[in-house]
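Report on the structure given below.
Protein chains: 2
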Amino acid sequence: MQKLALLQFIQERSKATSKEIMEIVELFKENAIEKGGYFLQAGTVSDAYFFMETGFMRAYTFDYHGNEVTTNFYRANSLVFEPASFFTRTPSKENIQALTACSGYFIRFERLNQLFHSMPAFREFGRAMLVNGFAALKQRTLSIINETAETRYQQLLQHNGEIFQHAQLKQIASYLGITDTSLSRIRREFAKK
Amino acid sequence: MQKLALLQFIQERSKATSKEIMEIVELFKENAIEKGGYFLQAGTVSDAYFFMETGFMRAYTFDYHGNEVTTNFYRANSLVFEPASFFTRTPSKENIQALTACSGYFIRFERLNQLFHSMPAFREFGRAMLVNGFAALKQRTLSIINETAETRYQQLLQHNGEIFQHAQLKQIASYLGITDTSLSRIRREFAKK
DNA sequence: ACGTTTTCTTGTCATTTGGCAAGTGGCATT
DNA sequence: AATGCCACTTGCCAAATGACAAGAAAACGT
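Protein chains in written order, with the working numbering: chain A, 13 to 205; chain B, 13 to 205.
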């Protein structure tokens, strides 16, 4: 097992020694999810901390009217988990679904927690993952408040263009906070330019 | 120094022993902020983890057009800090301002971090604070996407009514993601019922 | 290749919200 | 009481977005 991408990912984001990182990486197990399969189902506890090496996923939940709302997209070479459920050990409100076939390496809560306890340097990594997610969410919230839907669309297209290769427009629309109809119109206007 | 409220706050949220909690509480120092004063200024690093015993604060930043956007409100008996800046040691984009005279107890990053390293049980507390903030922000984001401004207003009024006693409507409006004009109209409609 | 299903686009119209400017009311200062 | 300041409200109109329905395009299974 190589797990090279995982090793590198941790190396770039923590101050743990190479030896420690090798130990850590050892504890991750390989996993694959087929296209359309679920990494996490609403109502269950998120117990896997998953480094996705290849593939693409999205997280979604339902609003009070029963509409799907996309809350996140996950690209290759990133961590997939639902912090609120994972750390509080309570059932998740979100589903995380593979939009393409996915593969990577996971570790379960219990074992990860042991690592956090035994390796102070790796703890920083865990915290950084949480804090980054926090900052990204805040950024997204502000952009929904301040920017027009068209600007949000442009920025998503520019910074996360791959999303458009894997997700349906309806899924992207709810992530942007608009309907699929509006997104379609925005795309038409945008194409003119 | 009593710090009773702080002691109780930690007790309810961590598995640390009473003895440990007493040690922890000892390290918090008293602090007060006058009405209108700043707990955190944009551009500086959030270095204080503040348990506010009395008072009311709000966090705000500016969008690209220079408009103030309220990002958070803090009530008495809660923790005040900016996670992204605090944990990454980078300058904050947000200001946190006292809307009334505030008092409470703070601890600095360095010392708090030492505590996290030396007391596993207290670490859970720190993580819980982060995770809770995360969940609250996600909830707010979803409500901006899914609910009408009027519903958001109603819910804020119902669950956080004290905000209306301390903050200006313009500040509340930007927190709700609308203009002060719209909020005013919503209030009029709402009053009719 | 075929028909079926799903996704995407478009039109029409109603609703929400914003931008701007004027007006109202409270409050403090003088 | 007059003044000025500030927060808030209101009216008017424009722009953005949603709801619904129909049609076009694409994806899918057999």
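All C-beta atoms in this analysis are idealised placements derived from N, C-alpha and C, irrespective of residue type, glycine included.
Smallest Cα separation from residue i: which of the options?
{"i": "residue 71(B)", "options": "81(B), 108(B), 50(B)", "result": "108(B)"}
{"i": "residue 36(B)", "options": "117(B), 173(B), 152(B)", "result": "117(B)"}
{"i": "residue 6(B)", "options": "124(B), 49(B), 155(B), 111(B)", "result": "The question about residue 6(B) has no answer here: the residues shown for chain B are numbered 13 through 205."}
{"i": "residue 136(A)", "options": "161(A), 29(A), 14(A)", "result": "29(A)"}
{"i": "residue 77(A)", "options": "179(B), 188(B), 50(B), 155(B)", "result": "155(B)"}
{"i": "residue 38(A)", "options": "120(A), 129(A), 160(A)", "result": "120(A)"}
{"i": "residue 40(A)", "options": "24(A), 65(A), 48(A)", "result": "65(A)"}
{"i": "residue 47(B)", "options": "183(B), 132(B), 17(B), 69(B)", "result": "69(B)"}
{"i": "residue 92(A)", "options": "145(A), 74(A), 102(A), 129(A)", "result": "145(A)"}
{"i": "residue 43(A)", "options": "86(A), 172(A), 67(A), 140(A)", "result": "67(A)"}
{"i": "residue 151(B)", "options": "15(A), 87(A), 34(A), 74(A)", "result": "74(A)"}
{"i": "residue 113(A)", "options": "101(A), 185(A), 178(A)", "result": "178(A)"}
{"i": "residue 170(B)", "options": "202(B), 106(B), 50(B)", "result": "202(B)"}
{"i": "residue 157(B)", "options": "186(A), 61(A), 129(A)", "result": "186(A)"}
{"i": "residue 15(A)", "options": "115(A), 50(A), 106(A), 60(A)", "result": "115(A)"}
{"i": "residue 102(B)", "options": "147(A), 129(A), 18(A)", "result": "147(A)"}
{"i": "residue 50(B)", "options": "200(B), 199(B), 106(B)", "result": "106(B)"}
Ordered along the chain, which non-local residues of its own chain (more than five positions away) have a Cβ less than 7 Å from that of residue i?
{"i": "residue 142(B)", "result": "95"}
{"i": "residue 21(B)", "result": "63, 89"}
{"i": "residue 188(B)", "result": "161, 164, 165, 168, 195"}
{"i": "residue 87(B)", "result": "68, 174"}
{"i": "residue 25(B)", "result": "137, 140"}
{"i": "residue 190(B)", "result": "161"}
{"i": "residue 198(A)", "result": "161, 162, 165"}
Enumerate in chain order the residues of its own chain whose CB-to-CB distance from residue i is below 8 Å, with the five nearest sequence positions on each side excluded.
{"i": "residue 104(B)", "result": "52, 53, 54, 55, 56, 57, 58, 94, 96, 97"}
{"i": "residue 32(B)", "result": "131, 133, 134"}
{"i": "residue 159(A)", "result": "167"}
{"i": "residue 184(A)", "result": "82, 168, 175, 176, 195"}
{"i": "residue 23(A)", "result": "30, 33"}
{"i": "residue 18(A)", "result": "37, 40, 63, 65, 116, 117"}
{"i": "residue 27(B)", "result": "133, 136"}
{"i": "residue 128(A)", "result": "134, 135, 138"}
{"i": "residue 172(A)", "result": "85, 87"}
{"i": "residue 200(A)", "result": "none"}
Among the residues of its own chain, which have a CB less than 6 Å from the CB of residue i, if the five just before and after it don't count?
{"i": "residue 181(A)", "result": "192, 195"}
{"i": "residue 85(B)", "result": "70, 175"}
{"i": "residue 61(A)", "result": "93, 119, 124"}
Would you please state the rounded distance, in angstroms, between the beta carbons of residue i and residue j? I believe it to be under 8 Å.
{"i": "residue 149(A)", "j": "residue 153(B)", "result": "7 Å"}
Tell me whether residue i counts as near the ligand GDP, meaning its Cβ is closer than 6 Å to at least one heavy atom of that ligand.
{"i": "residue 185(A)", "result": "Looking for the ligand GDP in the displayed structure turns up nothing, as the structure carries no ligands at all."}
Do the segment 75-84 of chain B and the segment 122-130 of chain B make contact, defined as three or more Cβ pairs closer than 8 Å?
no
Interfacial residues, the segment 108-138 of chain A to chain B, with Cβ spacing under 7 Å:
129, 132
Relative to chain B, which residues along the segment 176-200 of chain A have a C-beta separation below 8 Å, given in chain order?
186, 189
With 9 Å as the limit, tell me which residues of the segment 73-104 of chain B have their beta carbon closer than that to any beta carbon of chain A; keep them in chain order.
73, 75, 76, 77, 79, 81, 83, 95, 96, 98, 99, 100
Residues of the segment 14-29 of chain B whose Cβ lies closer than 9 Å to any Cβ of chain A, in chain order
none
Going along the chain, which residues of the segment 155-177 of chain A sit with their C-beta nearer than 7 Å to a C-beta in chain B?
156, 157, 158
Relative to chain B, which residues along the segment 60-73 of chain A have a C-beta separation below 9 Å, given in chain order?
73
Under 8 Å (Cβ pairs) to chain B, residues found in the segment 143-154 of chain A
143, 145, 146, 147, 149, 150, 152, 153, 154
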